[in-house]
Amino acid sequence: MLTCDTYHMPTNLRDALEIWSGAPEGSSLISGATDILPWAREGRAGDVHIPSFVDVTKIKELDGHTVANGRVRLGANTVYQDFLTDASLRHLLPCMPYCAIWFADDQIREQATFAGNLANASPVADGTPPAAALNASLELARLDGGNIKTRQLTVSDFIVGPGRTLLQPDEIITAVSLDAVAGYGGSFQKVGQRRSLVISVACCAALVKADSTGRYFDDLRLALGGVGPRPMRLTAIEARLRGERISHRTIDQAAKLAADEVASRSRQEYRRDVVIGFVKSALEEALENQPDIDVTYEDLGETENA
Amino acid sequence: MPKLKIELDVNGRKISRETDAYKRLLDFLRDDLNLTGTKEGCGAGECGTCSVFVDGKLVKSCLMPVAKASGTKIETIEGLAKPGDLTPMQKAFHKTGASQCGYCIPGMVMAATSALRQNPNAGIEEIKERLGGNICRCTGYTKIFEAVELAKAVIAGDMPEDALNEDAVGDSYIGHNVRRLDAPSKVSGRLRYAADMKMHDMLQLQVLRSPHPHANIVSIDTSAAEAMDGVVCVITSADVPDDTDGFGVFVHDQPIMARGVVRHVGEAVAAVAAEDLVTARRALSKIKVVYEEIAGVFDPEDALKDGAAIVHDYAPDNVVKHIPVRKGNVEAGFANADIILEDDFSTQQVEHAYLEPEAGIAYVDADDVIVVISPSQNITHHRHMLSHILKKPINKVRFIMSPVGGGFGGKEDMIYQGMLAIVAMKTHRPVQLNFTREESIIASAKRHPSRVHYKMGLKWNGEITAIQFNMLSDGGAYGMSSEGVMRKAAILSCGPYEVHNLSVDTTAVYTNNTPSGAFRTFGGMQAQFATESMMDMAAEALEMDPFQIRRINMMKIGSRTHTQHTLTAASLDRCLDAAEKESRWENGTPNVRGDKRSDLGGDDTRAPCTLGARFTSGKNSDKERVA
């Protein structure tokens, strides 16, 4: 059972930073709350008392999103369901709807924020592989002599290990910025113990763009989750495939390389097998999901309608 | 504790209340506003019994701190229709029989309502996906999906409104869709389960449970807990008469609370009754129990070995019950066999996972009658046992069965009603205990884990000549329903097949694992898993069709059962005919047909689950597109 003495709901960033920096020891920032409530139960943390909660979800500066310089700046209040219901986000971040559909369920997605998912820094968070694939950076704000100071950290710098980030005690995540990659095909692969409401054992995000002929990889992004302490971008495989002729054989060979990236401590063999299948499926589905290009695989000599 | 001012709109009513800062929206709706149609099934966002609309978006109210709901517009199950009326969705649930225990149904109706609000044209796969956050344990979902599709058609005008009315019934109810009498109370959220009931001046009870599987209780110091503000009483086994303390379905081996020794993790050791839940929980941590851990036994085979830890003094061999069945001459049967197959089968512990966690209320009425209200599946027996334990005449103990939000055998054991009764007697105040989901899992009985050693002799023509069936079951720390489960497992052991020579032994033993008890089929499942697996393996060994070997051995009119009862009716022939036809069974030995069986797949089979139905739903394009 989770109890607290006070529950703050500041409506602007300055108030929030002031309350947060003055909050008693042991207080907690709270966003969607979908993770902390199940955590404070028997078998996990048990009964937990938090002096003060500072809830960020009513801070108006954290709402909405903007697009500039090829980047999408998602306010920290962006929830997972937005990736399914907001047409602009679907267009700009083509792998996110596929990630979102596998994340929890429709109801929890209405509350659970993308920023909160990254802040939890779980090695099996659904949000970290697409964040890595989209070159995510987090915007962190704090008060410095009465002024609001912000800094940016890439997601791979921000997450340092399971449950550990570089978020400082007086900081609040205000936004997550991602590459705007309209026109790419996106996909997300995930396996857990059941379909809905399940934590990943492993997951994989892909973004692919073929050239205008649909025959060559123009650009691609691949990232894995659940196979190590931090999200993992498969840059070597990306470099190998970029400019290559699209064929099932090429994809198969690239997929096999991914198995060596598995660094998790448990169920290594299983994860190696899963990762090979995931990279293959992720690339094929992302190719198929491109909005404007029909891909031709070389090996079969036939047009596969994406 | 500091209060929070909450102002919001609930079902069209403006509400302004002060409440505790830590409360969840679920607690606020149920405790502060008495809107108990919103249920708590897990408290962890897994089950969906607490789904409500917040500003038009469906959320799980167990995951929402109430502060977040301030300034919003809330819609609960109670607000969907006007009093006395039902929405088309609720009527559709009523029509299709989409409610059994009913505990998940308010949440299901909310999720179904949300699904069609989000997409009135949602196809069945999208409907399933949108209901993916809600769990039902009774219905199997089929009737729920039927209801959503029916409501969808009526709302869209594709079917007339009277399609929601009850089908006409002719001379017989059999073969007709008959509506459940209690369905309106369930689809509207009006039915009150034990945790939904409130009484004036009621205390909340919380239970301290053993962290050890086997330990002597050296001492229990409750003084610090009793000294806390708001704590009204703390009870232990010292509050129960020691010469009559003991309950169980067959053998009365379980004390109301651990008496001198704990025998499994999660056994009740003490309980605190307080003015509110938080105080009761905090008081638990003030109770000091000194344990002396002792050797335990955790494997049923180890329990039978010499020198094994003894779980109950009355049973030094750790045997709860052994049921032998003998028929014919097994040695002669095996001697007469052309082939003898031998194998081992095991099944695991299973939790019932009813959506309603255990809950109950007790009070003492003005005539000194101790009244216990709970979703007990066995109230008459509980009443008799409690009257004996409390040394009260039977007319001074009353059990009221509240609506059971799923039982499946898991609510047959009197694991908490005794504590409630004792607190009510000590305080003369009503007292309520609502289990958490975790507590329900740790403290309630499970399906018996079983191991079967099986030996089957057959003729080349498929006829069974003899069976030796030996089942060892882990009964856990208390007897509960083990005896009955072993009887049923023995009676059903060799399946619906006529076996002239058989030797069957089923044994349940005590261990320091979570107690095993009643669970749907009552031992039949474990036995049939072994027998039917054996039949398939025999078909493979004899290169026969699995239906054929079953028809050769099946019981018919005039057959004698394993326990020597002569059958005057039998229907397995018709059962097999129907199963063979409906499954489009491809005749032949199971292991020689490869992976391209003709009987897999087809219109009436379910494809593997996937997600993303909404990406293509309602679009004209034949391409799957998101962006």
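For the record, the sequence lines run as chains B and Y. Residue numbering for the first sequence follows the numbering used here, starting at 1 and increasing by one per position. Residue numbering for the second sequence follows the numbering used here, starting at 1001 and increasing by one per position. We put the CB at the ideal spot given by N, CA and C, even for glycine.
Beta-bridge partners of residue i, as assigned by DSSP
i, result
"C1233 (chain Y)", "Y:A1273"
"N1434 (chain Y)", "Y:A1359"
"V1504 (chain Y)", "Y:V1325, Y:F1469"
"R164 (chain B)", "B:G161"
"I1640 (chain Y)", "Because chain Y here runs from 1001 to 1627, residue 1640 (chain Y) falls outside it and cannot be looked at."
"N1216 (chain Y)", "Y:V1261, Y:E1292"
"L143 (chain B)", "B:I148"
"E1075 (chain Y)", "Y:F1053"
"V1364 (chain Y)", "Y:I1370"
Contacts of residue i in chain Y (Cβ-Cβ under 8 Å)
i, result
"A33 (chain B)", "L1063, M1064, P1065, K1068"
"G43 (chain B)", "E1438"
"W102 (chain B)", "L1611"
Same chain, Cβ closer than 6 Å to residue i, five either side skipped, listed in chain order
i, result
"K192 (chain B)", "For the record, residue 192 (chain B) in the displayed sequence is Gly; it is not Lys. Closer than 6 Å at Cβ, skipping near neighbours: V198, I199, S200, V201."
"H1322 (chain Y)", "T1507"
"E1267 (chain Y)", "S1210, A1258"
"T150 (chain B)", "E139, A141"
"L1542 (chain Y)", "G1462"
Neighbour flag for residue i against chain B, beta carbons, 8 Å
i, result
"P1002 (chain Y)", "yes"
"G1612 (chain Y)", "yes"
"C1609 (chain Y)", "yes"
"E1293 (chain Y)", "no"
"K1286 (chain Y)", "no"
"R1383 (chain Y)", "no"
"S1051 (chain Y)", "yes"
Contacting residues, own chain, Cβ-Cβ under 7 Å from residue i (five flanking each side not counted)
i, result
"E302 (chain B)", "Caution applies to E302 (chain B), whose pLDDT of 47 falls short of 50 and renders its modelled position unreliable; the value that the coordinates give is listed next. There are no such residues."
"Q168 (chain B)", "R142"
"A1570 (chain Y)", "M1555, K1556, I1557, S1559"
"T1096 (chain Y)", "K1143, E1146, A1147, L1150"
Residue-level contact to chain Y via CB, residue i, 8 Å cutoff
i, result
"D15 (chain B)", "no"
"Y321 (chain B)", "Outside the shown range of chain B, which is 1 to 306, sits residue 321 (chain B), and nothing can be said about it."
"I293 (chain B)", "no"
"Y270 (chain B)", "no"
"D47 (chain B)", "yes"
"Y297 (chain B)", "no"
"P38 (chain B)", "yes"
Proximal residues to residue i (C-beta, below 8 Å), its chain only, five neighbours per side dropped
i, result
"S1185 (chain Y)", "G1102, L1191"
"L1567 (chain Y)", "M1555, K1556, I1557, G1558, S1559, R1560, T1561"
"I1394 (chain Y)", "R1383, H1384, S1387"
Listed by chain order, chain Y residues near residue i by CB distance under 9 Å
i, result
"M1 (chain B)", "Y1022, G1043, L1277, V1278, R1281, T1436"
"D55 (chain B)", "P1065, A1067, K1068"
"D6 (chain B)", "It should be pointed out that residue 6 (chain B) corresponds to Thr in this sequence rather than to Asp. Result: P1002, L1004, A1021."
Neighbour list for residue i in chain B, Cβ cutoff strictly below 7 Å
i, result
"K1060 (chain Y)", "Q107, I108"
"R983 (chain Y)", "Lying outside 1001 to 1627, the shown extent of chain Y, residue 983 (chain Y) is not represented and no answer is given."
"E1046 (chain Y)", "L197"
"K1057 (chain Y)", "E110"
The ligand GTP heavy atom lying under 7 Å from the CB of residue i
i, result
"V1261 (chain Y)", "With respect to the ligand GTP, the structure shown offers nothing to examine, as it has no ligands at all."
Interface partners of residue i on chain B, CB under 8 Å
i, result
"E1126 (chain Y)", "Within 8 Å Cβ-Cβ: nothing; E1126 (chain Y) doesn't reach chain B, min ~11 Å."
"R1130 (chain Y)", "D106"
"G1133 (chain Y)", "A104, D105, D106, Q107, I108, S196, L197"
Within chain Y, partners of residue i - CB distance below 7 Å
i, result
"M9 (chain B)", "A1067"
- Message: List, from N- to C-terminal side, the beta strand (DSSP E) runs of 3 residues or more that fit wholly inside the segment 85-138 of chain B.
- Response: Correct list: empty.
- Message: List, from N- to C-terminal side, the alpha helix (DSSP H) runs of 4 residues or more that fit wholly inside the segment 1290-1353 of chain Y.
- Response: 1300-1303, 1330-1335
- Message: In chain order, what are the residue ranges of uninterrupted alpha helix (DSSP H) at least 4 long that sit wholly in the segment 1484-1557 of chain Y?
- Response: 1524-1541, 1546-1553
- Message: List, from N- to C-terminal side, the alpha helix (DSSP H) runs of 4 residues or more that fit wholly inside the segment 1092-1151 of chain Y.
- Response: 1105-1118, 1124-1130
- Message: List, from N- to C-terminal side, the alpha helix (DSSP H) runs of 4 residues or more that fit wholly inside the segment 167-245 of chain B.
- Response: If we require 4 residues or more, the alpha helix (DSSP H) runs fully inside the segment 167-245 of chain B come out as 235-241.
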